[in-house]
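Numbering (the numbering used here), first residue to last: 971 to 1042.
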């Protein structure tokens, strides 16, 4: 028997939503890091929290990519 597909919807509880964001954000950054190492690709990841806080992950070898995103 396979997994049941769950429809994504907004988490109404603010505390649960914050915890879920923190967990998913760290997992996404880990996946981006692994992709950059395993496939030898350049990865840039920009995440804005619900509070408007900016989280940025990028490869050191292409720091000019970071400046491009801030100019937009």
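Glycine included, every Cβ here is placed at the ideal spot set by N, Cα and C.
Query: Supposed close pair residue 995, residue 1017 - CB separation, criterion 8 Å; Result: 6 Å
Query: Beta-carbon proximity of residue 1011 to residue 1005, cut-off 8 Å; Result: yes
Query: Between the CA atoms of residue 1025 and residue 1019 - distance to the nearest angstrom; Result: 8 Å
Query: Assigned secondary structure, residue 1014 (DSSP; H/G/I helix, E/B strand, else coil); Result: strand
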